[in-house]
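Asker:
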Amino acid sequence: MESAGRSSVSPIAQESTAGITGVSRSLGDLGGRTVTVRVPGPDPSHIYRMHVTVNTGSNGLPIEVFATYELPGIDGTHGLLNAMCRLASRLLQANVPAAVVARMMRGQADGWPPVWSGGQRVVSAADAIAGLLDPGAEE
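Each residue of the sequence shown is one higher than the one before, counting from 236 in this note's numbering.
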């Protein structure tokens, strides 16, 4: 499942840039795509899915990330997922390259058996997001 579109600056994007040196308060028009990826979970017989949106700035580079589980959350981790996306978004908005942000997130396992999603081995939600931020990189 994938969709693409344009949106005006999100309220979270404006809020998340406040107080960060070197980041414009207005990110301009954003493009983006939302994909659904499989992620590991506590029950290997169940398919867990996460919806991830990566918005890009006018230069085509990732500028913010949002993610949510298809279910209400896996063992109450929805808040952690939200925090991880907000931190990644702030790094991107502070001009940290997406490849660097992805490198920090890639391979962070949460102890559940890995799954395959879109031909990629995924060991956690962070790992799945890293794969979307920097799709060509290897673990």
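Just so it is clear, CB atoms sit at the ideal spot from N, CA and C, and this is done for glycine as well.
Hey, quick one: how far does the beta strand (DSSP E) through His286 stretch, first residue to last?
Answerer: What you label residue 286 is simply residue 51 of the sequence shown in a count that begins at 1. It spans 283–291 - the beta strand (DSSP E) in which His286 sits, taken as one unbroken run.
Asker: Do Arg284 and Arg268 come within 8 Å of each other at the CB atom, strictly closer than that value?
Answerer: By 1-based counting over the sequence shown, the position of residue 268 is 33. By 1-based counting over the sequence shown, the position of residue 284 is 49. The answer is no: Cβ separation not under 8 Å.
Asker: Between which two residues does the alpha helix (DSSP H) harbouring Arg325 extend?
Answerer: In the sequence shown, residue 325 corresponds to position 90, counting from 1. From DSSP, the alpha helix (DSSP H) with Arg325 extends over 313–328.
Asker: Does Arg338 come out as helix, strand or coil in the three-state DSSP assignment?
Answerer: In the sequence shown, residue 338 corresponds to position 103, counting from 1. Reduced to three states, the DSSP call for Arg338 is helix.
Asker: Out of Ser324, Asn294, Gly346, Gly354, which one is the CA nearest neighbour of Pro277?
Answerer: Numbered from its first residue, the sequence shown carries residue 277 at position 42. The candidate whose alpha carbon is nearest that of Pro277 is Gly346.
Asker: Suppose the cutoff is 6 Å on Cβ atoms and the five residues either side in sequence are ignored; what does the same chain contact list for Ser280 look like?
Answerer: The residue you call residue 280 lines up with position 45 of the sequence shown. Excluding sequence neighbours, Ser280 sits near nothing in its chain.
Asker: Could you pull the start and end residues of the beta strand (DSSP E) that Gly266 belongs to?
Answerer: As a working note, residue 266 is residue 31 in the sequence shown. Counted as a single uninterrupted DSSP element, the beta strand (DSSP E) harbouring Gly266 occupies residues 265–274.
Asker: When the Cα atoms are used, what is the spatial distance from Cys320 to Ala344?
Answerer: As a position in the sequence shown, residue 320 is number 85, starting the count at 1. As a position in the sequence shown, residue 344 is number 109, starting the count at 1. When rounded, the distance between both Cα atoms is 16 Å.
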